[in-house]
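When we follow the numbering used here, the leftmost residue of the sequence shown carries the number 11, and every step to the right adds one. Written out below as structure tokens is the structure these notes cover.
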Amino acid sequence: MTSYLKLFLCTGMLIAYCANLRAQDDILVPKQASEYVRIYKPDGDYFCGPDTPELKEDKWYDEWVPNDHTFVKGDDGKWHIFGITHPLVETKPLNKGIHQGEYASFHAVSLTTSFKETVKEHHYNDLSKVLTPKDRPGEIPANHAPYIIKKDALYQMVYGHSPIRLAVSSNLYDWEPKGELFSDADGARDPNLLFYKGIYYLTYCSIKSVRMVTSKDFMNWSDPSTILQTNKFDPESPTLLFHNNTFYLFVCAWEDDWDGKEIQGAYTQKAYVYNSDDLTDFGIDQENEITILKAHAPEIFQGEDGQWYISSVEWPYRGISIDRLEWDSK
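Put into structure tokens, the structure is as follows:
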């Protein structure tokens, strides 16, 4: 090999190495302020039914437990939260009734039009629940983990669990179910949406994996592909976002370490964060992990002033809590 060629190859390797170092240096890592504020706690309500072993239709229950949720700013300028909810069930053993009655979405709305001003204790007002089983004839009773995106002047709500279904609204108050979007033979739960360069990327959790389907028209969806394999835990509540010219995937972890002594212990507050320049590949297990946050079923989003926030449910308090999120150099 000539000296010139050797020099050329070494120079190329050095450039590639330096470029890789620069790319690593440019990765921003989300960090929490660790100052959670509980902005929403559910009011008591009548259970919509149908009956479960421990819950009765039309019976009043004082304590309700929310779970996976979504934030959306409406045309009225106010912030709306939708999410899983059900009356508190304390069976023996606790895991027998931990998710009974998750049949409708709670709906809460802010009093102001600035998200920063909504981050106050018990700021959000509880409204009537939406998309009960009676509102969705022909569907399974479960109504889990809604996520909302606006398209063609309509709010599009996707929800699970499998089959992943769709409902639409022009105002966030009145919803019309549209039926099934897609299903997965291994199950699909906790849908999340990213619209990027003209394509809708819908991520969801399945067996030891986060998977993705794509669509250009929100009607015809691709076959599912796995974007993260999690052999060490069962993934929950994914959030995929594009920030600082790269992609981040936030995934809550159910690691089967609940001792069954307290309800809140079933809502694990560990959220892994992964980074990749390829939104279809976040690797296997810890391959692309960059940090771990303290939150259950977190949503990651910005206020009007650009400030980032992370939400958490059932931890550290019952209801929805908000913490500030900053992005620091790795």
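Cβ atoms here follow ideal geometry from the backbone N, Cα and C, with glycine treated the same way.
Margin query: The beta strand (DSSP E) that contains K41, what's its start and end?
Written below: Counted from its first residue, the sequence shown places residue 41 at position 31. For K41, the enclosing beta strand (DSSP E) stretches over residues L38 to Q42.
Next item on the list: Using 10 angstroms around the beta-carbon of A43, count the other beta-carbons present and answer buried if the total reaches 16, otherwise exposed.
Entry: The residue given as residue 43 occupies position 33 in the sequence shown. The residue in question, A43, is exposed, as its Cβ has fewer than 16 Cβ neighbours within 10 Å.
Notebook entry, point to check: What's the C-alpha gap between I159 and V82?
Noted result: As a first step, residue 159 must be located in the sequence shown, where it is residue number 149. As a first step, residue 82 must be located in the sequence shown, where it is residue number 72. Spanning the alpha carbons of I159 and V82 requires a straight line of approximately 8 Å.
Note to self: Would the stretch 125-135 count as touching the stretch 103-116 if we require 3 or more Cβ pairs under 8 Å?
What the structure shows: Too few Cβ pairs lie closer than 8 Å, so no.
Check: Can you give, in chain order, each stretch of the beta strand (DSSP E) that sits fully within the stretch 79-109 and has at least 3 residues?
Finding: Entirely contained in the stretch 79-109, the beta strand (DSSP E) runs reaching 3 residues are, in chain order, 89-97.
Next item on the list: Answer yes or no: do P156 and Y165 have a C-beta to C-beta separation smaller than 8 Å?
Entry: Sequence index remark: in the sequence shown, residue 156 carries index 146 (1-based). Sequence index remark: in the sequence shown, residue 165 carries index 155 (1-based). Taking a C-beta distance under 8 Å as the contact criterion, P156 and Y165 do not qualify as a contact pair.
Next item on the list: Determine the closest residue to Y284 out of V223, G275, I174 and Q239, with distance taken between C-alpha atoms.
Entry: Mapped onto the sequence shown, residue 284 falls at position 274. Among V223, G275, I174 and Q239, the Cα nearest to that of Y284 is on Q239.
Checklist line | Top-ranked residue by Cα proximity to S232, from L38, L65 and T290 | finding: Position 222 of the sequence shown, counted from the first residue, corresponds to residue 232. Measuring from the Cα of S232, the nearest candidate turns out to be T290.
Check: When DSSP labels each residue in this structure, what does L335 get in the three-state scheme?
Finding: Translated into the one-based positions of the sequence shown, residue 335 becomes position 325. Secondary structure of L335 (DSSP, three-state): strand.
Notebook entry, point to check: Using the C-alpha atoms, what's the distance from T95 back to Q274?
Noted result: Here residue 274 refers to the residue found at position 264 of the sequence shown. Here residue 95 refers to the residue found at position 85 of the sequence shown. Taken atom to atom, the span from the alpha-carbon of Q274 to that of T95 is near 14 Å.
Notebook entry, point to check: Using the rule of at least 16 other Cβ atoms within 10 Å of the residue's Cβ for burial, across every protein chain shown, is D68 buried or exposed?
Noted result: Counting from 1 along the sequence shown, the entry for residue 68 is found at position 58. D68 should be labelled exposed.
Note to self: I need the DSSP call for V323, collapsed to helix, strand or coil.
What the structure shows: Your numbering for residue 323 matches position 313 in the sequence shown. Three-state result, V323: strand.
Next item on the list: Could you check the C-alpha separation between D136 and S172 for me, to the nearest Å?
Entry: Taking the first residue of the sequence shown as 1, we reach residue 136 at position 126. Taking the first residue of the sequence shown as 1, we reach residue 172 at position 162. The alpha-carbon atoms of D136 and S172 are separated by roughly 27 Å.
Next item on the list: Evaluate Q296 with the Cβ neighbour count: other Cβ atoms within 10 Å of its Cβ, from every protein chain shown; 16 or more gives buried, anything less gives exposed.
Entry: Taking the first residue of the sequence shown as 1, we reach residue 296 at position 286. Flag for Q296 reads exposed.
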